[in-house]
């Protein structure tokens, strides 16, 4: 199946605003295919030239590092497509982890803790959503605030303590792989979620309405889409998925801490932007985002294997990201110039 | 288009997720709670036997993984490890994250596993978060030595403890007693009220002082929260509250340097003694200007040096990490492994005007 379908215009029976919503800022390339090509090229080059890169064990290590980033990138991609942002995702992971540790320490069974933590995630997401959609505050400002707030609450819950005595069966499951393939078992539910998100975004009226909102909120509203309600739900889902990420993070590292996943939001957003989603909303596809997450993970993994120091790694990631954001702009400008020339 | 199209889709989706979660959880088993699980964990390398006369093989790949890179304390420890690895003709490398978070070390350990490192020397940001990664490294053939900050004991072969709590407590009390003639009021300026290390040391200091120096009276413990400003103010407060105070002990590097800064600019300079745990670079000017006579800390270079020799001894099969085994650690001489696979570096190093310029950390 093709996950990468071009965003269709708002599904509206003639209610579109005058002018028919021209292609807008950032909607330059369906760069999902570009980044996927990049990823494949990089994997081939790394497999040939980096000792130890192409092995099942290393593939497992690599995927484990990418799982949570890719997971949270799913709902966040939808949020970004509508033109909003949620910077509080990593703090939600941290707070979920802290609460999970606290409840476990208090003697609750994991089977009860996990649903509770997911509900907590929904509440945290709803706080973001209400502030953005009901009070009309910019999501950037709101979620910078909740980034600090949720992380602060995590420290209130657990302080600098770590809760670590989770059952071994659960923590080994979190890093176990399917047979001898090296592929972590958690990749299976992740792939299911990727497919579900891909279908919602690219093959349903809901998905099309998200692009419509990202392109022009007014136009979307005129065509009968309940923008506020939709965005509110997106923030709620992002909260739930981030909490799920917190549960997995805690089990994977076998340690509930308030500072878990600090700074992860930047890696998630990096994957989304690298995947060709416009930060202004209205364009991009899920395939590119997954490729973006895998590319970032693979680059770090390969560079670590050839002993590149972590400071340099950060520089490489930064340059990669800027290139990914700048390249489509440059390409668009070049294209625009070419188009203008014969006309003048 | 329906107003709540997404809402309805989502509600359906959420119900689906909830059902899936329920199915998963009931399938898992009837309620997993704390304390009922955990069979015995593998006892490290219990099965292997040690050969004290084994040669250390050449070209051992020894990797040094600190809590984070560019931290002066670990840079000094790394220099010690590198010196030791040079002596045994091994290959030394230092890798590590740029931020000291609990999980950031994991991908570096995985990389080392993949590269087939023989020895991993690490100081853990979290005692448990790196455990499963270390398990994989060990099943891949690596020997794991922790230093400075330990992991859970079953996750490594040997832990190098920089100093025992007793050693740290007694050294500080002895230093203070020397400086004030064994008698008079002494106050403690600690880190935070719930700092585990400091609280353990303070308790031991009080016991030791009571038994060895009955004329020394520890009047109070105040907390500077490991903040420079607060420690500075607490020092000021101590001197006003206790006009007869003879000395201050600060078992934290932030506290001792803040206290020294206050004393050196006050009328109490040279009249009130100050000692505790500090680094030579922080304390150099105060030793030179006479505010501080002597203070203590373990030597991180020796710590790194001993860790590297321990790793080499493990890789060579001279030791397995069991209690009672002994091995040679270059210049530092012979060491013995204690209970739980712990090796103690030794007494803290005392720094004073004579030797402080030999140290740079």
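Residue numbers (this note's numbering), protein chains in the order written: chain A, 14 to 357; chain B, 103 to 463.
Note that CB positions come from ideal geometry on N, CA and C, so glycine has one too.
- Contact check between the region 294-301 of chain A and the region 212-231 of chain A: three or more CB pairs, one atom from each, fall below 8 angstroms, which counts as touching.
- Listed along chain A, the residues sitting closer than 7 angstroms to residue 231(B) by beta-carbon distance are 266, 267 and 268.
- Among the residues facing chain B, residue 74(A) is included, as its CB has a counterpart in that chain under 8 angstroms away.
- Nearest C-alpha to residue 432(B) among 295(B), 185(B) and 246(B): 185(B).
- DSSP places residue 234(B) inside the alpha helix (DSSP H), whose first and last residues are 233-241.
- CA-CA distance, residue 457(B) to residue 245(B), rounds to 35 angstroms.
- For residue 175(A), the C-beta contacts it makes with chain B under 9 angstroms involve 204, 228, 229, 230 and 231, in order along the chain.
- The residue among 64(A), 69(A), 53(A) and 110(A) with its C-alpha nearest the C-alpha of residue 271(A) is 110(A).
- Taking a beta-carbon distance threshold of 8 angstroms, residue 104(A) does not count as an interface residue toward chain B.
- The beta carbon of residue 267(A) sits closer than 7 angstroms to those of 177, 179 and 184, all from its chain and outside the five residues before and after it, given in chain order.
- The beta-carbon of residue 416(B) is placed no less than 8 angstroms from the nearest beta-carbon of chain A.
- The Cβ of residue 401(B) sits no closer than 8 angstroms to any Cβ of chain A.
- Scanning its chain for C-beta atoms nearer than 7 angstroms, with the 5 sequence neighbours on each side dropped, one finds around residue 76(A) the residues 196, 197 and 200, in chain order.
- A distance of 8 angstroms or more separates the beta carbons of residue 73(A) and residue 167(A).
- Per DSSP, residue 222(B) is one residue of the beta strand (DSSP E) stretching across 221-224.
- Residue contact check for residue 342(A) against chain B: no CB pair falls below 8 angstroms.
- The beta-carbon of residue 234(A) is placed no less than 8 angstroms from the nearest beta-carbon of chain B.
- Measuring C-alpha to C-alpha distances from residue 426(B) to each of 330(B), 418(B) and 443(B) identifies 443(B) as the nearest.
- With a contact defined as Cβ atoms closer than 8 angstroms, residue 348(B) and residue 288(B) qualify at about 6 angstroms.
- Chain order gives no chain B residues near residue 228(A), where near means a beta carbon separation below 7 angstroms; the closest approach is about 16 angstroms.
- Every alpha helix (DSSP H) of 4 residues or more that sits fully in the region 129-192 of chain A is shown, in chain order, as 152-171 and 181-188.
- Any Cβ of chain A closer than 8 angstroms to the Cβ of residue 236(B) would place that residue at the interface, and such an atom is absent.
- Only those residues of the region 93-120 of chain A whose C-beta falls short of 9 angstroms from the nearest C-beta of chain B are listed: 117, 118, 119 and 120.
- Taking 9 angstroms as the Cβ-Cβ cut-off, the region 302-330 of chain A approaches chain B at 313, 314, 317, 318, 320, 322, 323, 324, 326 and 327, given in chain order.
- The Cβ of residue 241(B) sits no closer than 8 angstroms to any Cβ of chain A.
- Between the region 275-293 of chain B and the region 309-324 of chain B there are three or more C-beta pairs closer than 8 angstroms, enough to call the two in contact.
- DSSP links residue 454(B) through a beta bridge to 396(B).
- Under the Cβ criterion (8 angstroms, minimum of three pairs), the region 278-291 of chain A counts as touching the region 42-56 of chain A.
- In the three-state DSSP reduction, residue 194(A) falls in the coil class, being neither helix nor strand.
- Exclusion of the five residues before and after residue 169(B) leaves 202, 225 and 227 as the residues of its chain whose Cβ lies within less than 6 angstroms of its Cβ.
- Contact annotation, residue 88(A) with residue 254(A): C-beta distance approximately 5 angstroms; criterion of less than 8 angstroms satisfied.
- The secondary-structure analysis by DSSP pairs residue 438(B) across a beta bridge with 428(B).
- Here residue 220(A) is buried, its C-beta having at least 16 other C-beta atoms within 10 Å.
- 263(B) is the residue among 193(B), 263(B) and 318(B) whose C-alpha sits nearest the C-alpha of residue 399(B).
- CA-CA distance, residue 265(A) to residue 177(B), rounds to 30 angstroms.
- The beta carbon of residue 123(A) falls within 8 angstroms of a beta carbon belonging to chain B, placing the residue at that interface.
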